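Below is one structure, written out as structure tokens, with a few remarks after it.
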Amino acid sequence: MYGQSTALIVFLLLACMLIATELAYRNGLRKQMVANDAAKSQINTLQASMLGLLALLLSFAFSLALQRFDERNQSVVNEANAIGTTYLRTQLLPLSVREHTQTMLKQYIDLRVEEGQVSLADVEKRDVLIKKTSQISDQLWALAMKSVELDKSAVTTGMFVQSLNDTIDAFGKRDAGLQRHVPETVVLLLLITIIMTAATIGYASGLTGQRAVFATLALQILISMAVFLTIDLDRPRRGFIQVSQLSMLNLQQSVHAKQ
Numbered sequence: 055m056y057g058q059s060t061a062l063i064v065f066l067l068l069a070c071m072l073i074a075t076e077l078a079y080r081n082g083l084r085k086q087m088v089a090n091d092a093a094k095s096q097i098n099t100l101q102a103s104m105l106g107l108l109a110l111l112l113s114f115a116f117s118l119a120l121q122r123f124d125e126r127n128q129s130v131v132n133e134a135n136a137i138g139t140t141y142l143r144t145q146l147l148p149l150s151v152r153e154h155t156q157t158m159l160k161q162y163i164d165l166r167v168e169e170g171q172v173s174l175a176d177v178e179k180r181d182v183l184i185k186k187t188s189q190i191s192d193q194l195w196a197l198a199m200k201s202v203e204l205d206k207s208a209v210t211t212g213m214f215v216q217s218l219n220d221t222i223d224a225f226g227k228r229d230a231g232l233q234r235h236v237p238e239t240v241v242l243l244l245l246i247t248i249i250m251t252a253a254t255i256g257y258a259s260g261l262t263g264q265r266a267v268f269a270t271l272a273l274q275i276l277i278s279m280a281v282f283l284t285i286d287l288d289r290p291r292r293g294f295i296q297v298s299q300l301s302m303l304n305l306q307q308s309v310h311a312k313q
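So for the sequence shown, the numbering used here puts the first residue at 55; every next one is plus one.
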């Protein structure tokens with residue numbers, strides 16, 4: 055499902071709701087004459103129950119998507135802070151490795167900024183950038199070990215090693231966050247519930263012989279918009295709502311200004 059366009063999913067959902075409502079309405083009209091008040095009351099009760107269930111599922115899915123979005127935002131800030139601290143602590147390294155380490159960190163930052171602007175759909179380019187980032191991480195770690203050999207003080211090189219480890223961890227957490235989504239089974243259940251609720255509303259309208267076309271259409275459009283927002287929030291670097299890369303861009307600008 056995550057490989058499909060959000061707009062396409064929502065368009066098909068709205069079409070299915072309209073079709074389900076119309077078919078159920080016509081079915082309700084055919085049974086209008088034989089349906090007694092008890093049957094109509096029962097349908098109204100079921101309709102209210104399904105609307106309540108739909109509201110619960112929609113709020114649950116939206117809260118999950120928003121939580122994932124907030125986590126991705128925070129992971130960018132955390133990584134920028136970790137890299138910034140690491141760069142500052144290069145001042146504690148022995149002179150023989152300090153400049154090289156700073157140069158490597160600048161390249162690392164450039165790669166992270168570039169990777170953060172690549173769509174997840176561009177798998178090939180993203181894999182290349184991640185591979186380059188991992189290679190630089192290995193080189194930075196090798197420089198850190200060399201620094202430890204030159205200066206075994208925990209106050210100087212030890213602090214750099216700790217911050218570098220935090221930087222590598224931040225990279226892993228940020229990358230893992232891109233793969234976390236609202237479970238597809240939850241989204242599928244939500245879509246099925248929406249269509250069945252639309253059918254129930256149409257059937258109830260058919261039994262009464264009256265329907266509020268504008269109100270029904272407005273409700274279905276609003277539901278479609280809510281689903282669109284939920285799915286879009288849950289699609290990092292593919293939707294209209296994007297995670298801000300400002301903290302990484304500011305770090306890049308700040309570090310390169312120190313040349």
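Glycine included, each C-beta is placed from N, C-alpha and C at the ideal position. Because the structure is a prediction, the values reported are computed rather than measured.
Problem - Sequence-distant residues of its chain with Cβ nearer than 6 Å to Thr284 (five each side left out) - result: Ala115, Phe116, Ala119
Exercise for the section: Below 6 Å CB to CB, which residues in the same chain sit around Val215 once its five sequence neighbours on both sides are set aside? Expected result: Ala198
Exercise for the section: Would you kindly check if the distance between the Cβ of Met302 and the Cβ of Val167 is under 8 Å? Expected result: yes
Problem - Under 8 Å between C-beta atoms of Ala150 and Leu204 - result: Note that residue 150 corresponds to Ser in the displayed sequence, not to Ala. Their beta carbons are under 8 Å apart, which means Ser150 touches Leu204 by this criterion.
Exercise for the section: Could you please give the first and the last residue of the uninterrupted alpha helix (DSSP H) stretch that includes His310? Expected result: 300–310
Handout entry: Spatial distance of Leu165 from Phe123 (CA atoms)
Key = 22 Å
Practice task
Indicate the three-state DSSP secondary structure (helix, strand or coil) for Lys200 in the structure shown.
Solution key: helix
Problem - Same chain, Cβ closer than 7 Å to Leu111, neighbours up to 5 away in sequence not counted - result: Leu243, Leu244, Thr247
Problem - Which of helix, strand or coil DSSP assigns to Thr75 - result: helix
Practice task
Measure from the alpha carbon of Met250 to the alpha carbon of each residue in Cys70, Phe65, Ile63, then state which is nearest.
Solution key: Cys70
Practice task
Determine the contact status of Leu100 and Gly263, defining contact as a CB-CB distance below 8 Å.
Solution key: no
Problem - For Arg166, the first and last residue of its enclosing alpha helix (DSSP H) - result: 149–170
Problem - Distance, Arg234 Cα to Glu133 Cα - result: 18 Å
Handout entry: Backbone secondary structure at Lys206 - three-state DSSP
Key = coil
Handout entry: Run of the alpha helix (DSSP H) containing Asn90, from where it starts to where it stops
Key = Where Asn90 is concerned, there is no enclosing alpha helix (DSSP H), given that its DSSP letter is neither H nor E.
Practice task
Give me the Cα-Cα distance between Val236 and Ala230, rounded to the nearest whole angstrom.
Solution key: 14 Å
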